[in-house]
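Working notes for the structure below.
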Amino acid sequence: MVRYVYEFAEGGRDMADLLGGKGANLAEMTRMGLPVPPGFTVTTEACRAFLATGSEPDGLSREISDHLTALEQASGRRLGQPDDPLLLSVRSGARFSMPGMMETILDIGLNDDSVLGLAKASGNERFAWDAYRRLVQMFGSTVMGVDSALFENVMARLKEASGAGDDLGLDAADLAGLVEAYKDLIRQETGDYFPQSPAGQLRRAVLAVFESWNGERARLYRHREHIPDHLGTAVNVQTMVFGNRGPDSGSGVAFTRDPATGRPGLYGDYLSNAQGEDVVAGIRNTVPLTDLEHLDPPSYTQLRDHLRTLETHYRDLCDIEFTIERGTLWMLQTRVGKRTAEAAFAIAAELVDEGLITSDEALARVSGDGLARLMFPRFDTSAVGQALARGIPASPGAAVGAAVFDSAAAVRRAAAGEKVVLVRQETTPDDLPGMVAAQAVLTSRGGKTSHAAVVARGMGKVCVCGAEEMTVDTQGRRFTVGATTVEEGTVISVDGSEGAVYPGAAPLVDSAVMRYFESGGQGERSPGLVDAVARAMQQADGVRRLGVRANADTPEDAARARRFGAEGIGLCRTEHMFLGDRRQLVEAMILAGSDADRERALDALLPLQRQDFIGILEAMDGLPVTIRLLDPPLHEFLPDRTELAVRLAAAEAHGTPTSAHDAELLDAVNRMHEENPMLGLRGVRLGLVAPGLVAMQVRAIAEAVVERKRAGGDPRAEIMVPLIDTVEELRIVREEVEQVLAEVSKASGVPVECPVGTMIELPRAALTAGRIAEEAEFFSFGTNDLTQTTWGFSRDDVEAAFFSAYLDKGIFKVSPFETIDREGVGRLVQIAVAEGRAARPDLKIGVCGEHGGDPDSVHFFHGAGLDYVSCSPFRVPVARLEAGRAAL
Ligand code: ADP
Ligand code: MG
Ligand code: MG
Numbered sequence: 009m010v011r012y013v014y015e016f017a018e019g020g021r022d023m024a025d026l027l028g029g030k031g032a033n034l035a036e037m038t039r040m041g042l043p044v045p046p047g048f049t050v051t052t053e054a055c056r057a058f059l060a061t062g063s064e065p066d067g068l069s070r071e072i073s074d075h076l077t078a079l080e081q082a083s084g085r086r087l088g089q090p091d092d093p094l095l096l097s098v099r100s101g102a103r104f105s106m107p108g109m110m111e112t113i114l115d116i117g118l119n120d121d122s123v124l125g126l127a128k129a130s131g132n133e134r135f136a137w138d139a140y141r142r143l144v145q146m147f148g149s150t151v152m153g154v155d156s157a158l159f160e161n162v163m164a165r166l167k168e169a170s171g172a173g174d175d176l177g178l179d180a181a182d183l184a185g186l187v188e189a190y191k192d193l194i195r196q197e198t199g200d201y202f203p204q205s206p207a208g209q210l211r212r213a214v215l216a217v218f219e220s221w222n223g224e225r226a227r228l229y230r231h232r233e234h235i236p237d238h239l240g241t242a243v244n245v246q247t248m249v250f251g252n253r254g255p256d257s258g259s260g261v262a263f264t265r266d267p268a269t270g271r272p273g274l275y276g277d278y279l280s281n282a283q284g285e286d287v288v289a290g291i292r293n294t295v296p297l298t299d300l301e302h303l304d305p306p307s308y309t310q311l312r313d314h315l316r317t318l319e320t321h322y323r324d325l326c327d328i329e330f331t332i333e334r335g336t337l338w339m340l341q342t343r344v345g346k347r348t349a350e351a352a353f354a355i356a357a358e359l360v361d362e363g364l365i366t367s368d369e370a371l372a373r374v375s376g377d378g379l380a381r382l383m384f385p386r387f388d389t390s391a392v393g394q395a396l397a398r399g400i401p402a403s404p405g406a407a408v409g410a411a412v413f414d415s416a417a418a419v420r421r422a423a424a425g426e427k428v429v430l431v432r433q434e435t436t437p438d439d440l441p442g443m444v445a446a447q448a449v450l451t452s453r454g455g456k457t458s459h460a461a462v463v464a465r466g467m468g469k470v471c472v473c474g475a476e477e478m479t480v481d482t483q484g485r486r487f488t489v490g491a492t493t494v495e496e497g498t499v500i501s502v503d504g505s506e507g508a509v510y511p512g513a514a515p516l517v518d519s520a521v522m523r524y525f526e527s528g529g530q531g532e533r534s535p536g537l538v539d540a541v542a543r544a545m546q547q548a549d550g551v552r553r554l555g556v557r558a559n560a561d562t563p564e565d566a567a568r569a570r571r572f573g574a575e576g577i578g579l580c581r582t583e584h585m586f587l588g589d590r591r592q593l594v595e596a597m598i599l600a601g602s603d604a605d606r607e608r609a610l611d612a613l614l615p616l617q618r619q620d621f622i623g624i625l626e627a628m629d630g631l632p633v634t635i636r637l638l639d640p641p642l643h644e645f646l647p648d649r650t651e652l653a654v655r656l657a658a659a660e661a662h663g664t665p666t667s668a669h670d671a672e673l674l675d676a677v678n679r680m681h682e683e684n685p686m687l688g689l690r691g692v693r694l695g696l697v698a699p700g701l702v703a704m705q706v707r708a709i710a711e712a713v714v715e716r717k718r719a720g721g722d723p724r725a726e727i728m729v730p731l732i733d734t735v736e737e738l739r740i741v742r743e744e745v746e747q748v749l750a751e752v753s754k755a756s757g758v759p760v761e762c763p764v765g766t767m768i769e770l771p772r773a774a775l776t777a778g779r780i781a782e783e784a785e786f787f788s789f790g791t792n793d794l795t796q797t798t799w800g801f802s803r804d805d806v807e808a809a810f811f812s813a814y815l816d817k818g819i820f821k822v823s824p825f826e827t828i829d830r831e832g833v834g835r836l837v838q839i840a841v842a843e844g845r846a847a848r849p850d851l852k853i854g855v856c857g858e859h860g861g862d863p864d865s866v867h868f869f870h871g872a873g874l875d876y877v878s879c880s881p882f883r884v885p886v887a888r889l890e891a892g893r894a895a896l
């Protein structure tokens, strides 16, 4: 037979699934001997059963009344007893804390009779009527569905009429009148009377708490916090204690240490002569908890002792709610407290020092997301004013700069030493130079995985995207929000952690953690936060099995990655090396009419590429550098088709002679136009049809290796072929690669051996990994493309189109471009790992792309048995930390 009700003394903190977090912790405190008002918990199972059928499960009301009887016997009072009533609170409490999202009803058991009994028994008429008006108000809004604003209006009118400044200014007669006014309001709004039967109140309150699980607020909160909808809430029925019985009573909240900084010592707020709800509601001003030491020394000492007991017992920061009733302290709630990233690191380190937890446990209590937040400079939030606009906080941190509206302006002004914010409707790969030059990127369209967001995160650049109230006028070089216009050159501040834009230069505070990483972990480790971070990193590096490499295309990025602890480069993209001034040369190669023309263009590119590789190999000396052969469709290096056509048409219309070059270009652009370039001529396909391209790139790599070796270095280049579908493609390219390597070795007299491997980024490659491993010395999962091709949608197109709808409908809990889709894409990874290793046991396997720096994905890759993850330099510390946590 199922049981739906547990007395507090029967539960414990490990029963949170059944009793909810609040119930489990009330039980735990009860068993620890702390002063908890007695009560019982109705299980989440009862809630699920009620919500599924719409009626109370069999036996529930029986169990509740049995437990009520026990409670009444223990207290010597009956619920609603007319002379000295037992009163109850009915409190929601789900498995995961959903602060303020569901309902709680206090003072159950009061009615027109028992309010008089309470007044007599307590000797305090005002208090009794205050409790009653609270019940009628809470019951009326929560259980009977009357808009709570209507109660507040009645209250406000009464205060005005009686000249009371705050609720303490209302006397017993005022409050008795208020109860009548509230009851009238309920009658008017619902056609029903406020129920006078205490047992009826209790029953309806419990069911209302069940129903509040499906309230709109609660649902929204769950979606945002990824809390499953099916869990249901428990209901705690508890004896009331009163903080509103006079100046020797009060309520407060407390933390065992400061949840913002982690500093030890009592921390919290106290409100005398008040119920707990008044503290949170901010009706009157609270005083710091430390004032309680003077107001009520014995209670303060007890509270301090209880907090210490709790922290030692839970071995973590706890937060609590307490009430003092005429000098008696009661504990009403506790839980392991939420904290900032800074406090998480600081507390973890301190608890190790205090001998309460091990270093492994400390590592489990910090997170990569938290670390990422600590690495960015921030705005001094106490000093910023009203936000100009709000968008999606896509890449955290704070940046100040002059608004600019195109990439060229960003580059120009930045070169002149100005700090700029690139403002666009949305960004495209063409905006890359401007994004690099800017302090921050701000867009009016697109979500967390839009181009702007992804690229900015990769670069560790601040980004707010999808700030929809902004109208960006690129032509006019301004944006507007309502009546405010921001012209080019106007300084704005972008907060990528909060998703806010401020006018002017908001004051910044530097991140000590970033300075620590920038110094290669060698910098000053002043006690406190930086030291705590350093200790977590050391622990993570000690336990992790996954290697961590970086995605880096320049010597500067490579050097930074190394300072941040990267153990090599997992992805060196070569396409960025084809942009800028070199675009001309690429264009010449594409347009080449003859073999000789093409060779000339390739010959001109060769030394430039070689120089790129020399710099990167030098920065990563002694560590592996995986260089990917050219990947994107060639036409990305040509001018835009429409623009070119318009230019030609305009020239013709004006009768000016059309440039032969332009005509030729348009021809090429038309020839190479693809409806679906993502699935078109790119990756290895390009190498197989563009003669000389692979040979040129491999020669540049090989010659760079030779040069580094001659300089006494230890270059470890690895050559990676992108977008393989079948082993045949790899076999052909590999032969060409080996031939060039042999030629360069022979010509230079310096042996050049580079492992040749492939990206696994198409489902077919993953499914035939056993075959592909015959030709590949390593695999690197390109999870961005693998996600696109497995799901069959293009990241660049679908984001704005339907992702937010999918997230709302719960089809995705999180975008599969942000966190790896374990079920689908992850399964392909697992198949490829198993079959690849079966064919070649020493196959080295890594992952490159956004997911390599995503905490949840890192845990998956650890479990899948990969050798390393590779991510942007700024994510390297995050990946190290999470790889360590995954190994715990
Ligand atoms: P929430 O989860 O929203 O914090 P709670 O169940 O903790 O809701 O209750 C809201 C307020 O009611 C709390 O501030 C608490 O202090 C007060 N409260 C709850 N139960 C009691 C009780 N038995 N006696 C006195 N006050 C109570
Ligand atoms: Mg609470
Ligand atoms: Mg790819």
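Per the numbering used here, the sequence shown runs over residues 9 to 896.
Here a beta-carbon is modelled for each residue, glycine too, at the ideal position from N, C-alpha and C.
Please read these numbers as outputs of a predicted model, since none were measured by experiment.
| Asked | Found |
| --- | --- |
| Arg649 beta carbon near ligand 1 (any heavy atom closer than 7 Å) | no |
| Start-to-end residues for the beta strand (DSSP E) that takes in Arg581 | Ile577 to Arg581 |
| Identity of the residue in Asp266, Ser788, Thr797 and Phe820 nearest Leu851 by Cα | Ser788 |
| Sequence-ordered residues whose beta carbon comes within less than 6 Å of a heavy atom of ligand 2 | Glu329 and Gln341 |
| Gly284 CB to nearest heavy atom of ligand 1 below 7 Å | yes |
| Runs of beta strand (DSSP E) wholly within the stretch 14-96 (minimum 3 residues, chain order) | 47-50 |
| Closer than 7 Å: Lys30 CB and nearest ligand 1 heavy atom | yes |
| Pick from Ala842, Arg845, Gly800 and Gly844 that is closest to Pro824, judged by C-alpha positions | Gly800 |
| DSSP-derived helix/strand/coil call for Lys128 | helix |
| Any non-hydrogen atom of ligand 1 closer than 7 Å to Met37 Cβ | no |
| Collapsed DSSP secondary structure at Ser367 in the structure displayed | helix |
| CB contact flag (Thr331, Leu318, <8 Å) | no |
| According to DSSP, residues forming a beta bridge with Arg99 | Thr112 and Asn244 |
| As assigned by DSSP and simplified to three states, the class of Val374 | coil |
| Distance between beta carbons of Val374 and Ala544, contact taken as under 8 Å | 5 Å |
| Exposure of Tyr275, with buried meaning 16 or more beta-carbon neighbours within 10 Å | buried |
| heavy atom of ligand 1 below 7 Å from Val144 C-beta | no |
| Close beta carbons around Leu738, own chain, < 7 Å, minus the five adjacent residues each side | Val729, Ile732, Thr766, Ile780, Glu783 and Ala784 |
| Run of the beta strand (DSSP E) containing Phe929, from where it starts to where it stops | Look at the range of the chain in this structure, 9 to 896, and you will see that residue 929 is not part of it. |
| Candidates Tyr201, Asp25, Arg230 and Ile194: closest to Lys817 by CA position | Arg230 |
| Buried or exposed by the 16-neighbour rule on C-beta atoms within 10 Å, applied to Asp74 | exposed |
| Residues near Leu910 by beta carbon distance below 8 Å, same chain, minus five either side | Residue 910 cannot be examined here, being either before or after the span of the chain that is shown, 9 to 896. |
| Sequence-distant residues of the same chain with beta carbon closer than 7 Å to Gly31, five excluded per side | Gly19, Thr49, Gly101, Ala242 and Asn244 |
| 8 Å Cβ cutoff, Val123 in contact with chain C | Considering every chain present, this structure includes no chain C. It has just one protein chain. |
| Cβ-heavy atom distance, Val249 to ligand 1, below 7 Å | yes |
| Reference Leu701; option with closest CA among Arg21, His870, Met597 and Ala181 | Met597 |
| Classification of Asn559 by the beta-carbon crowding that lies within 10 angstroms, buried from 16 upward | buried |
| Distance cut-off 7 Å: Ser259 Cβ against heavy atoms of ligand 1 | yes |
| Ligand 1 heavy atom lying under 7 Å from the CB of Arg99 | yes |
| Cut-off 6 Å between Cβ atoms - residues of its own chain near Ala172, not counting five sequence neighbours on either side | Leu178 |
| Whether Ile727 touches Val764 by CB criterion (8 Å) | yes |
| Heavy atom of ligand 1 within 7 Å of Thr797 beta-carbon | no |
| Rounded C-alpha distance that separates Gly345 from Cys326 | 5 Å |
| Own chain partners of Glu160 with C-beta closer than 6 Å, once the 5 adjacent residues on each side are dropped | none |
| Terminal residues of the alpha helix (DSSP H) in which Thr317 lies | Pro305 to Tyr322 |
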